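Enquirer:
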Amino acid sequence: MQIYDVVIIGAGPAGLSAGLYAGRSRLNTLLIEKEKDGGQIVITSEVENYPGCMEEESGRSLVARMTRQTETFGVERAQDTITKVDFSGDIKVLTGKKGEYRARAVIIATGAYPRPIGCEGEKELIGKGVSYCATCDGNFFEDMDIYVVGGGDTAVEEAMYLTKFGRKVTIIHRRDQLRAAKSIQEKAQKNPKINFMWNTVITKLKGTGLLESMVIKNLKTNEEVEIHAPEEDGTFGVFGFIGFLPQSSIFEGAIAIEDGYIPTNEKMETNIPGVFAAGDIRVKDVRQVVTAAADGAIAAMMAEKYLEH
Ligand code: NAP
Numbered sequence: 001m002q003i004y005d006v007v008i009i010g011a012g013p014a015g016l017s018a019g020l021y022a023g024r025s026r027l028n029t030l031l032i033e034k035e036k037d038g039g040q041i042v043i044t045s046e047v048e049n050y051p052g053c054m055e056e057e058s059g060r061s062l063v064a065r066m067t068r069q070t071e072t073f074g075v076e077r078a079q080d081t082i083t084k085v086d087f088s089g090d091i092k093v094l095t096g097k098k099g100e101y102r103a104r105a106v107i108i109a110t111g112a113y114p115r116p117i118g119c120e121g122e123k124e125l126i127g128k129g130v131s132y133c134a135t136c137d138g139n140f141f142e143d144m145d146i147y148v149v150g151g152g153d154t155a156v157e158e159a160m161y162l163t164k165f166g167r168k169v170t171i172i173h174r175r176d177q178l179r180a181a182k183s184i185q186e187k188a189q190k191n192p193k194i195n196f197m198w199n200t201v202i203t204k205l206k207g208t209g210l211l212e213s214m215v216i217k218n219l220k221t222n223e224e225v226e227i228h229a230p231e232e233d234g235t236f237g238v239f240g241f242i243g244f245l246p247q248s249s250i251f252e253g254a255i256a257i258e259d260g261y262i263p264t265n266e267k268m269e270t271n272i273p274g275v276f277a278a279g280d281i282r283v284k285d286v287r288q289v290v291t292a293a294a295d296g297a298i299a300a301m302m303a304e305k306y307l308e309h
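In the UniProt record's numbering, the protein residues as written are 1 to 309.
1) Any heavy atom of the ligand NAP closer than 8 angstroms to the CB of residue 287?
2) May I ask whether a heavy atom of the ligand NAP can be found less than 8 angstroms away from the beta carbon of residue 178?
3) How about the stretch 223–234 and the stretch 80–99: do they share at least three Cβ pairs that are nearer than 8 angstroms?
4) Leaving aside the five residues before and after residue 214 along the sequence, list all residues of the same chain whose C-beta is less than 6 angstroms from its C-beta, in chain order.
5) Answer yes or no: the CB of residue 153 versus the heavy atoms of the ligand NAP, is any distance below 8 angstroms?
6) Which parts of the stretch 168–202 are runs of the beta strand (DSSP E), unbroken and 3 residues or longer, counting only runs that do not cross its ends?
7) Ignoring anything shorter than 4 residues, give me the alpha helix (DSSP H) runs that lie fully in the stretch 55–113, in order along the chain.
8) Cβ atoms of residue 18 and residue 296: under 9 angstroms apart, would you say?
9) Tell me whether residue 222 sits in a helix, a strand or coil according to DSSP, three-state version.
10) Work out the CA separation of residue 113 and residue 222 for me, nearest whole Å.
11) Take residue 20 and list the residues in its own chain whose beta-carbon comes closer than 7 angstroms to its own, dropping the five residues that flank it on each side.
12) In angstroms with no decimal places, state the Cα-to-Cα distance between residue 256 and residue 7.
13) Using a Cβ-based criterion (distance less than 8 angstroms to any ligand heavy atom), does residue 191 qualify as near the ligand NAP?
14) Per the DSSP calculation, residue 9 is bridged to which residue(s)?
15) Please return the same chain residues whose Cβ sits closer than 6 angstroms to the Cβ of residue 132, not counting the five positions on each side in sequence.
16) Residue 278 lies in the beta strand (DSSP E); which residues open and close that run?
17) Any heavy atom of the ligand FAD within a distance shorter than 8 angstroms of the CB on residue 274?
18) Where do the N-terminal and C-terminal ends of the beta strand (DSSP E) with residue 295 fall, by residue?
19) Identify which residue in 2, 3, 1, 22 has its Cα closest to the Cα of residue 276.
20) Rounded to whole angstroms, what's the CA-CA distance from residue 15 to residue 236? Just pull it up for me.
21) Going by alpha carbons, who is nearest to residue 162 out of 36, 192, 177, 261?
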């Protein structure tokens with residue numbers, strides 16, 4: 001069986017950047033992704049804070065360029081979901097649904113996935129009114145009512161993007177103050193299509209086929225109200241943007257994990273020699289595309305050094 005120099009798990013900005021650097025160093029590299037490239041950034045409609053990105057660069061287009069660039073350096077690709085890892089020997093073994101992979105060094109860049117809203121009926125109505133991706137699903141709600149859950153940068157930015165489609169966009173936030181940056185809040189407050197529901201959570205989503213109504217609760221008064229889709233629309237959209245959950249469960253027992261995130265030093269080394277972590281899966285303060293890309297570059301260069309020894 002082939003033994004790669006480096007196997008990278010996850011093709012978001014961290015994994016793609018690691019692939020680019022490993023490929024350029026002529027390391028025999030395999031980049032494994034379970035779905036589509038890009039991770040969280042593909043659900044971002046506009047990336048205005050990655051250096052060099054201007055004039056309505058979307059997450060999707062940025063990632064497409066990153067993928068092309070990485071592939072020009074000869075990185076091998078596999079589409080598979082890794083379900084088990086064995087990091088105990090010098091040769092690391094990764095077991096996927098489709099096959100087994102062996103490598104001298106591993107870079108974990110599995111990132112995080114959207115946190116569910118956590119209410120009754122949510123799971124059943126995903127893709128039928130409930131979404132976590134404005135760029136993917138916004139156009140389904142053309143001239144309809146849209147509700148966005150969350151109060152951070154993502155919720156407010158994506159709510160503004162959704163005003164391109166919805167008749168009105170209501171941000172439902174559990175507190176009476178947004179967490180989003182002031183500059184983002186100011187833009188939202190100037191947008192006439194944006195409304196706010198403060199101190200409110202969704203407790204139930206209902207619908208047979210499509211989302212038809214939801215029960216919301218005011219956390220100050222405990223009052224519950226059911227909101228129905230306007231008759232002429234038959235449905236409405238609920239978008240959840242309340243943070244992310246790290247994708248680290250398969251590494252439990254194999255490396256050190258803290259609250260779901262992987263601690264590393266500044267060389268991206270985990271507690272296991274030859275295993276590196278990069279991007280949103282790391283314990284870190286700033287989770288941005290630019291920091292993920294930087295992590296990936298460092299991880300690949302440190303993996304190269306590790307392999308030289
Ligand atoms: P975030 O900053 O962690 O905000 C999550 C929001 O969801 C908070 O308002 C939180 O409420 C709310 N929330 C969490 N759990 C909830 C629950 N169970 N029910 C209801 N509401 C819940 O996440 P984010 O907005 O996705 O941002 C993640 C990181 O990316 C941040 O560092 C952010 O600055 C960065 N980011 C930056 C940009 C940009 O600079 N353009 C764009 C997007 C994201 P509370 O406020 O009450 O805690």
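Backbone N, C-alpha and C fix where the C-beta goes; we use that ideal spot for every residue, glycine too.
In this text the structure is predicted, and so the values were computed from the model without any measurement.
Expert: Short version:
1) One-based indexing of the sequence shown puts residue 287 at position 287. Indeed, a heavy atom of the ligand NAP lies less than 8 angstroms from the Cβ.
2) Here residue 178 corresponds to residue number 178 of the sequence shown, with the count starting at 1. The answer is yes for residue 178.
3) The stretch 223–234 makes no contact with the stretch 80–99; the number of CB pairs closer than 8 angstroms stays below 3.
4) The residue given as residue 214 occupies position 214 in the sequence shown. For residue 214, where only same-chain residues beyond five positions count, the Cβ hits under 6 angstroms are 202, 205, 227.
5) By 1-based counting over the sequence shown, the position of residue 153 is 153. Flag set: Cβ of residue 153 near the ligand NAP.
6) List check, beta strand (DSSP E) in window: 168–172, 194–197.
7) Counting only runs of 4 or more, we get 59–71.
8) Sequence index remark: in the sequence shown, residue 296 carries index 296 (1-based). Sequence index remark: in the sequence shown, residue 18 carries index 18 (1-based). In this structure, residue 18 lies closer than 9 angstroms to residue 296 by Cβ.
9) As a working note, residue 222 is residue 222 in the sequence shown. Here DSSP, grouped into helix, strand and coil, assigns residue 222 to coil.
10) Within the sequence shown, the letter at position 222 stands for residue 222. Within the sequence shown, the letter at position 113 stands for residue 113. Their backbone Cα atoms lie some 30 angstroms apart in a straight line.
11) Here residue 20 corresponds to residue number 20 of the sequence shown, with the count starting at 1. Once the five neighbours on either side are set aside, the close Cβ partners of residue 20 are 69, 70, 73.
12) Numbered from 1 along the sequence shown, position 256 holds the residue referred to as residue 256. Numbered from 1 along the sequence shown, position 7 holds the residue referred to as residue 7. C-alpha separation (whole angstroms): 19 angstroms.
13) In the sequence shown, counting from the first residue as 1, residue 191 sits at position 191. Not under cutoff, so the answer is no.
14) Start at 1 with the first residue of the sequence shown, and residue 9 comes out as number 9. DSSP, once it has assigned bridges, lists 32, 108 as partnering residue 9.
15) For the purposes of this step, residue 132 is taken as residue 132 along the sequence shown, with counting starting at 1. Around residue 132: 114, 240.
16) On the sequence shown, position 278 is the one that residue 278 refers to. Neither: residue 278 is in no beta strand (DSSP E) and is coded neither H nor E.
17) As far as ligands go, the structure on display features the ligand NAP and does not contain the ligand FAD.
18) The sequence position of residue 295 within the sequence shown is 295, counting from 1. Segment 289–308 is the alpha helix (DSSP H) holding residue 295; no beta strand (DSSP E) there.
19) The residue you call residue 276 lines up with position 276 of the sequence shown. Per the Cα distances, 22.
20) Translated into the one-based positions of the sequence shown, residue 15 becomes position 15. Translated into the one-based positions of the sequence shown, residue 236 becomes position 236. Distance between the alpha carbons of residue 15 and residue 236 is about 36 angstroms.
21) To locate residue 162, count along the sequence shown from 1; it is residue 162. Nearest option by C-alpha distance: 192.
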